[in-house]
Amino acid sequence: MKSFRQLIMLLLLLGGFLTEQPVTQASAQEPTGTAIADMQMLNWQEKMPGVWSAVIGKPEELTYLSFAGGPPRISALEKMPTQKFPLSQQDCRGLIVNNRAVIRIPLTPAEKLYGLGLQFEGLNRRGRVFHLRVDHYSRGQERTHAPVPFYISSLGYGVLFNSARFMSIYAGVGNRKDSPNLPTIRDRNTNRNWQAQPDSDAVETCVIAEGMEVLVFAGPTPLDVVRRYNLYCGGGCLPPKWGLGFWHRMRTNATDQEVQNEVAQFNQRRFPLDVIGLEPGWHSKSYPCTYAWNEKNFPQPAAFLKSMQEQGIYINLWENPYVSPDASFYNIIKPFCGSHMVWLGMVPDYTLAPAREILTSHHGKNHLTLGVSGYKIDEVDGFDNWLWPDHAVFPSGTSAEQMRQTYGLQWQKMLTALFRKRNQRTFGQIRASNAAASAYPFVIYSDHYDHQGFVTALVNSGFAGVLWAPEIRNAKSSTEWVRRMQSVCFSHLTQLNGWANNTKPWSFLEVEDEIREVTQLRTRLLPYLYTAYAKYHFEGTPPIRAMVLEPGYHPQETVKAGELDDVNNPYAMAIRKDVTDQFMMGDCLLVAPIFTGQKNRSVILPQGKWFDFYTGDYAGSAEVITVEPPLSKIPLFVKNGGIIPMIEPANRISKLKPPVKLIVRHYGTNPGQSQLYDDDGLTFDYEQGNYCWHNLEVTKNATSELTGNHKMQSGTWKITYSPISWKFMTK
Ligand code: GAL
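If you want it as structure tokens, here you go:
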């Protein structure tokens with residue numbers, strides 16, 4: 004006999020069957036929003052030459068572009084080649100569905116995609132899904148310190164999804180059922196070419212929001228795309244000259260006397276030193292922070308800073324944003340803070356002007372007027388278990404999610420404005436950033452400690468309008484110490500971070516000379532590097548760039564006769580892969596770091612001849628070479644006709660007073676032409692024309708003799724360098 008429960012179930016089922024509707028025409032119809040045809044065609048407006056914008060739905064007020072960045076550098080954008088809209092307008096579509104704003108941008112089969120922020124793995128982003136969210140990077144995660152939602156296509160256009168939300172980007176992943184370009188279905192039973200992930204013909208992006216803006220940047224080359232993006236965001240930052248020197252961070256809890264001793268040791272050992280960073284311990288309390296001097300460690304901060312200034316040393320202060328109840332401004336900032344605390348400190352909402360005013364007036368009065376040159380803003384990125392939760396509430400009404408995506412930008416914006424008010428340039432560090440940050444003078448860093456990942460991030464930073472520097476703290480061997488230090492010297496910020504281990508550049512005594520040599524080389528390159536940053540600022544060209552952005556890297560005819568394999572076509576094979584371990588720095592220098600455990604490495608030299616930086620000897624052209632450099636040398640190559648202006652070794656950039664002797668190196672057999680930028684290196688007076696560009700030119704006469712000339716081109720600044728002599732490196 005059936006139980007009572009079974010009987011009820013039977014009745015319910017029967018009822019369901021009897022009430023079920025017959026299948027009608029209407030219910031078989033596809034719901035709207037599932038076909039490409041249902042998606043709205045985007046309506047593009049040209050905002051600036053070669054930059055178009057379109058929206059879907061109602062975009063929010065707080066976006067990366069509305070919040071961050073400087074005014075677009077219009078005159079530089081106008082000088083770029085005129086371009087038509089680079090995509091098929093018909094195929095750029097958008098849709099609001101399931102509380103999401105969705106944008107679809109078409110892709111063609113062979114296209115590669117670069118960018119999507121500060122990534123530590125690979126170069127080509129096609130074929131992966133990115134859940135972009137600010138976080139401290141951990142291996143294998145797509146969360147990163149700067150998840151910039153901007154990509155560059157190998158076909159020479161770029162796309163920025165301008166929403167300050169957590170964002171999912173399906174970069175050539177997923178196929179719509181009505182796509183006109185679906186790949187052929189292959190039968191896995193019989194076809195060996197069956198793919199677990201069939202190619203897709205679009206990038207689809209979504210955010211949980213009522214709308215989103217999308218921008219397209221024209222080329223024609225991928226480098227032009229990056230340049231347009233940077234110029235649109237205000238141009239790259241121009242660091243003060245001292246920022247390009249050597250930085251050293253003290254151990255936590257160091258005292259003023261220890262700093263003095265450390266500086267004295269740098270002097271004795273003849274190591275360059277420009278900036279000292281103070282770590283936790285300079286505040287009276289940290290985690291959460293008071294932002295007030297610790298009287299025990301720094302009893303007389305004003306006298307300490309004055310003494311540092313006299314010695315030509317700039318002081319950078321570590322901080323995190325979380326305000327201690329013992330901070331002097333705790334009570335007045337409290338109403339402008341979020342619902343949740345971090346390390347039991349308040350989290351101010353710096354989208355609000357009064358909160359910014361409270362912090363900057365405190366910093367101005369207690370730090371900047373005493374001589375502090377900048378900050379390292381720590382822990383603005385994550386991890387999840389440290390930061391505020393996604394449901395936290397902030398007084399401006401900014402969501403916790405938007406707060407997380409923009410908190411690093413908020414700090415950069417606030418501090419940049421503070422220094423600018425004093426007509427003083429700063430250069431600092433930040434652990435989170437995002438889109439539209441090109442103009443901010445901050446370099447991203449990480450606790451992550453993988454040498455190869457560091458260099459990959461350096462290469463990728465050039466696609467994202469951010470600066471990044473590998474960390475050096477310690478090493479397991481003296482060889483590793485040298486190789487890491489060399490990479491740091493060829494990055495955006497040359498710093499030894501001794502906070503945890505109290506390490507010094509000479510901590511491995513047996514390689515003291517090698518370390519001195521490379522840190523001095525960094526300083527000697529100052530005129531070359533400073534010019535590279537001026538080009539970042541005025542022209543948008545990233546000072547450190549991936550090889551794929553280098554002309555001559557992808558020559559038309561890469562495949563020579565024979566099979567496409569490593570034996571017959573090593574160059575064509577090498578450039579097919581993601582090249583993450585070598586890059587361009589400035590106009591003409593190719594850097595190929597050596598990693599721990601490597602004795603030699605292969606280097607891809609693009610078309611055109613390349614020469615060894617140290618000897619001037621010919622190294623190769625459109626080929627893959629193997630190098631086995633001595634420990635003291637990081638492999639460096641210069642393009643044919645390359646010109647590199649350098650100074651003599653100098654232990655303090657701030658002590659370089661005109662006239663400073665300049666040696667201009669020329670490499671190869673071709674004539675060459677290059678520019679040299681100069682200004683006071685400290686203020687914003689260059690914005691009023693107080694700078695100069697000099698033309699450096701090498702000509703060749705009938706008997707192939709090379710001669711170097713320099714000529715002032717523009718500006719009013721009297722160049723720091725004199726005399727200017729030439730050195731022809733290639734014999
Ligand atoms: C870490 C930071 C380090 C160091 C340390 C001090 O979060 O990444 O560079 O500053 O804090 O506590």
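Taken in order, the sequence shown gives residues 4 to 734; the numbers are from our numbering.
Glycine included, every Cβ here is placed at the ideal spot set by N, Cα and C.
| Asked | Found |
| --- | --- |
| Exposed or buried, what is T733 when buried is set at 16 or more other beta-carbons lying within 10 Å of its beta-carbon? | buried |
| Using only the alpha-carbon positions, how far apart do G644 and C591 sit? | 9 angstroms |
| Can you look up G125 in the DSSP assignment and give me helix, strand or coil? | coil |
| Kindly indicate which three-state DSSP category N323 falls into: helix, strand or coil? | coil |
| In chain order, which beta strand (DSSP E) runs of at least 3 residues are fully inside the segment 319-393? | 375-380 |
| Going by CA-CA distance only, name the one from L45, H454 and T459 that's closest to V219. | L45 |
| Assuming contact is defined by CB atoms lying nearer than 7 angstroms, are P357 and F339 in contact in what I supplied? | yes |
| When DSSP labels each residue in this structure, what does Y539 get in the three-state scheme? | helix |
| So what does DSSP say about S287, is it helix, strand or coil? | coil |
| So, I336 versus I380, is the Cβ gap smaller than 7 angstroms? | no |
| Rounded to whole angstroms, how far is the Cβ of F614 from the Cβ of V641, which I believe are closer than 8 angstroms? | 5 angstroms |
| Count the other C-beta atoms from every protein chain shown that fall within 10 angstroms of the C-beta of P25, then say buried if there are 16 or more, exposed otherwise. | Legend: pLDDT at P25 = 47, less than 50; position of this residue unreliable, value from coordinates given subsequently. P25 should be labelled exposed. |
| Would you say the beta carbon of W502 is closer than 6 angstroms to some non-hydrogen atom of the ligand GAL? | yes |
| Check whether the Cβ of D681 sits closer than 6 angstroms to any heavy atom of the ligand GAL, and report yes or no. | no |
| Below 6 angstroms, is the gap between the Cβ of D393 and the nearest heavy atom of the ligand GAL? | no |
| Which of helix, strand or coil does DSSP assign to G118? | strand |
| Flag this pair as touching only if the segment 186-205 and the segment 80-93 have three or more C-beta atom pairs under 8 angstroms; answer yes or no. | no |
| For the segment 238-254 against the segment 498-507, are there 3 or more C-beta pairs whose distance is under 8 angstroms? | yes |
| When you measure from the CB of W47 to every non-hydrogen atom of the ligand GAL, does any distance come out below 6 angstroms? | no |
| Would you kindly report the start and end of the unbroken alpha helix (DSSP H) that includes P271? | Here the sequence assigns Gln to residue 271, which means Pro is not the residue at that position. Looking at the DSSP string, the run of the alpha helix (DSSP H) that includes Q271 is D259 to Q271. |
| Determine whether the beta carbon atoms of R548 and M587 lie at a separation below 7 angstroms. | yes |
| So what does DSSP say about H454, is it helix, strand or coil? | helix |
| Per DSSP, G711 is paired with what? | V701 |
| Alpha helix (DSSP H) containing C492: first to last residue? | S481 to C492 |
| Please state whether the Cβ-Cβ distance between V667 and W729 is less than 7 angstroms. | yes |
| Decide if the segment 414-427 is in contact with the segment 90-102; the criterion is three or more beta carbon pairs, one per stretch, under 8 angstroms apart. | no |
| Can you name the start and end residues of the alpha helix (DSSP H) that A306 belongs to? | P304 to E313 |
| Helix, strand or coil, according to DSSP, for M42 in the structure here? | coil |
| Where do the ends of the beta strand (DSSP E) carrying D615 lie? | W613 to D615 |
| How should E404 be labelled, buried or exposed, when 16 other C-beta atoms within 10 angstroms of its C-beta is the threshold for buried? | buried |
| Would you say D227 and I39 are within 7 angstroms of each other, going by their C-beta atoms? | no |
| Mind checking if D41 is an interface residue toward chain C, Cβ cutoff 7 angstroms exclusive? | Looking for chain C here will not work: only one protein chain is present. |
| Check whether the Cβ atoms of A330 and Y378 lie closer than 7 angstroms to each other. | no |
| Within 6 angstroms: the Cβ of D190 and any heavy atom of the ligand GAL? | no |
| What residues match up with W696 in a beta bridge as DSSP calls it? | Y680 and S717 |
| Would you kindly work out how many angstroms separate the C-alpha atoms of M550 and Q303, rounded to a whole number? | 49 angstroms |
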